[in-house]
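Structure first, commentary second.
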Amino acid sequence: MWLLNVDTFGFTEYFGTIPPPYAIASHRWTAGAEAMWEDVHEMKKTDTVGYRKVQGFVAYLKAHLPLIKWLWIDTCCIKQHADRELSTAINSMFQWYRDAEVCLAYLEDVPSVSDRAAFEQSVWFRRGWTLQELVAPSVVIFLSRDWGIIGHKGHSSRGRSGMSMQTGAALEDVVSAVTAIPREVLHDYRESESLTTEEKMR
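And the structure:
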């Protein structure tokens, strides 16, 4: 996997080795406006929405989680035109989300942290990739359009390795109502192993 260093804005590939602690991003793609690997590597198209979004994730980490120096985001940490790399990334993605210290879910259609209705109606919850990005990480921090902390799901204020972090209000009850995913599964994916087939199909 490729990881983006938040201090140097450079990439390092970790293949067959254990990566350093990293944050992983979740967001909605904007068609034709995302920053790809080549754009970030060569510092091109820096005025696009996608490039500014990458900068936003980096700025958030530096301000709120300074001990995390690495970021994975699907737009620029996968060489989209390399078929083998893309296939490997798709097949590995659940584990990458599972292994992240924290997942940062950027909800650009939620204008402020206080707009609960917008949060519950966010299209992020209807994305095809949302399920694994929601249940795999031990902690998901939901962020508003202006990068404010809406709240979180998961293991409170601790990342995967016990790293302390500011996560905001617990939203598992709200997210469970929106997605129909049981609260205990949102809190810990391993709880899904005890669900019946009927419960999983709801």
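Residue numbers for the sequence shown follow this note's numbering, beginning at 1 and rising by one.
Where a beta carbon is used, it is the ideal one built from N, C-alpha and C, also for glycine.
Model, not experiment: these values are computed from the prediction.
Around the beta carbon of ILE18, a 10 Å sphere encloses fewer than 16 other beta carbons of the protein chains shown; the residue is thus reported as exposed. The beta-bridge partner set that DSSP reports for TRP70 consists of ASN5 and TYR22. Within its own chain, the residues whose Cβ lies closer than 7 Å to the Cβ of TRP124, once the five positions on either side in sequence are excluded, are ARG28, ALA105, LEU107 and THR130, listed in chain order.
Contact between TRP2 and TYR60 fails: their C-beta atoms lie close to 19 Å from each other, not under 8 Å. Only residues of its own chain outside the window of five on either side were considered, and among them PHE142, GLY168, ALA169 and LEU171 have a CB closer than 6 Å to the CB of GLY151, listed in chain order.
Residues GLU120 and PHE125 of the same chain have their beta carbon placed closer than 7 Å to that of VAL178, with the five preceding and five following residues left out of the count. Taking the CA atoms as reference points, VAL40 sits about 28 Å from GLN166. Shown here for ALA118: same chain residues with a beta carbon closer than 7 Å to its own, the five before and five after excluded, namely ASP109, VAL110 and PRO111 in chain order.
In the structure shown, ALA35 adopts coil according to DSSP, grouped into three states. In this structure, ALA23 and ILE68 form a Cβ contact; the two beta carbons are roughly 5 Å apart against a cut-off of 8 Å. Its Cα nearest to that of GLN132, the residue SER26 stands out among ALA31, SER26, GLU34 and PRO20. A Cβ-Cβ contact shorter than 7 Å links VAL139 with GLY154. Beyond the five residues adjoining it in sequence on each side, PHE94 comes within less than 7 Å, by CB distance, of GLN132 and ALA136 in the same chain, given in chain order. Between the C-alpha atoms of ASP99 and LYS44 there is a straight-line separation of about 30 Å. Secondary structure note for ALA105: its beta strand (DSSP E) is the uninterrupted segment 102-106.
A distance below 7 Å separates the beta carbons of LEU71 and LEU4.
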